[in-house]
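The structure appears right after this line, and notes come after that.
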Amino acid sequence: MNFSIEVRPPFLDHELVNLINSLPVNLKFDIKRRKIMSDSLYERIGGPGSIKEIATSLFKNHKSNPTVNNRYVNSDPDEVIRLVTEFMCNGFGGPEEYTGKDMITAHTSMNISEEEFNAVIDDMMAALDENNIDQGIKDEILAILWSLRTEVIKL
Numbered sequence: 005m006n007f008s009i010e011v012r013p014p015f016l017d018h019e020l021v022n023l024i025n026s027l028p029v030n031l032k033f034d035i036k037r038r039k040i041m042s043d044s045l046y047e048r049i050g051g052p053g054s055i056k057e058i059a060t061s062l063f064k065n066h067k068s069n070p071t072v073n074n075r076y077v078n079s080d081p082d083e084v085i086r087l088v089t090e091f092m093c094n095g096f097g098g099p100e101e102y103t104g105k106d107m108i109t110a111h112t113s114m115n116i117s118e119e120e121f122n123a124v125i126d127d128m129m130a131a132l133d134e135n136n137i138d139q140g141i142k143d144e145i146l147a148i149l150w151s152l153r154t155e156v157i158k159l
């Protein structure tokens, strides 16, 4: 394997991301003014507007996916898109507050199968493609989604 993926992405360490973002700029650059710290996933995706477009594509993909579309029959599309946008913005290092339920509470008693979880991941990867997101960013998001697996499946 030519590369590896961090199994504990910043998505799960929002307090660390907030701390790093609060550091003075002079601590984030070396003396030659080359950037040491990379931009957050939030910034690299393009901020809240781009993330909302991804959330909208994701919802549309879920509604047309026969494996998971029954989970969204009685959902308010605007509310789902708002919550998914908040969740991604917050988790990707943005300043937005996530006002929804935590993953375990949201998915308890849903008995989500591995097939459904994989379908959701496929829908997200398609939404990222539809929004012209670079492969490196897609890989990071895939790692984040996979890390949430135990908080979603068969609860």
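Numbering follows my numbering, with no gaps: position 133 of the sequence shown is 137. Glycine is no exception: its CB is placed at the ideal position from the N, C-alpha and C atoms.
Beta bridge counterpart(s) of residue i as assigned by DSSP
i: Ile116; result: Ile157
DSSP-derived helix/strand/coil call for residue i
i: Thr71; result: coil
i: Ile148; result: helix
i: Ser44; result: coil
i: Phe63; result: helix
i: Lys56; result: helix
i: Leu27; result: coil
i: Val77; result: coil
i: Ile141; result: helix
i: Asn136; result: coil
i: Thr109; result: helix
i: Thr103; result: coil
Residue i, buried or exposed, once every other Cβ within 10 Å from all chains shown has been counted against 16
i: Val124; result: buried
i: Glu47; result: exposed
i: Ile108; result: exposed
i: Leu23; result: exposed
i: Leu27; result: exposed
i: Val77; result: exposed
i: Asn60; result: Correcting the residue type first, residue 60 is Thr in the shown sequence and not Asn. Counting Cβ neighbours within 10 Å, Thr60 comes out buried, since at least 16 surround it.
i: Asn74; result: exposed
Residue from the options whose Cα sits closest to the Cα of residue i
i: Cys93; options: Met107, Ile55, Thr112 and Ala110; result: Ile55
i: Leu149; options: Gln139, Ile49, Thr71 and Asp126; result: Asp126
i: Asn135; options: Pro52, Ile58, Leu23 and Ile116; result: Ile58
i: Met155; options: Met114, Gly140 and Pro70; result: It should be pointed out that residue 155 corresponds to Glu in this sequence rather than to Met. It is Met114 whose Cα lies nearest to the Cα of Glu155.
i: Ile157; options: Ser61, Glu120 and Gln139; result: Glu120
i: Ser44; options: Ser151, Leu152, Ile145 and Tyr102; result: Ile145
i: Ser42; options: Phe91, Asp133, Arg75 and Gly97; result: Gly97
i: Glu100; options: Ala110, His111, Leu87 and Thr112; result: Leu87
i: Ser68; options: Ser117, Thr89, Phe91 and Ala130; result: Ala130
i: Lys105; options: Gly53, Glu90, Asn25 and Glu118; result: Glu90
Proximal residues to residue i (C-beta, below 6 Å), its chain only, five neighbours per side dropped
i: Val84; result: Phe63
Same chain only: Cβ atoms within 7 Å of residue i, ignoring 5 sequence neighbours per side
i: Ile49; result: Ile55, Phe96, Ile137 and Ile141
i: Pro81; result: Phe63
i: Leu132; result: Ile58, Lys142 and Ile145
i: Ser71; result: One point to set straight first is that residue 71 is Thr, not Ser, in the sequence displayed. Only Glu119, Glu120 and Ala123 meet the Cβ criterion.
Cβ-based neighbour list, residue i, same chain, cut-off 8 Å, excluding 5 preceding and 5 following
i: Leu159; result: Ile108, His111, Thr112, Ser113, Met114, Asn115 and Ile116
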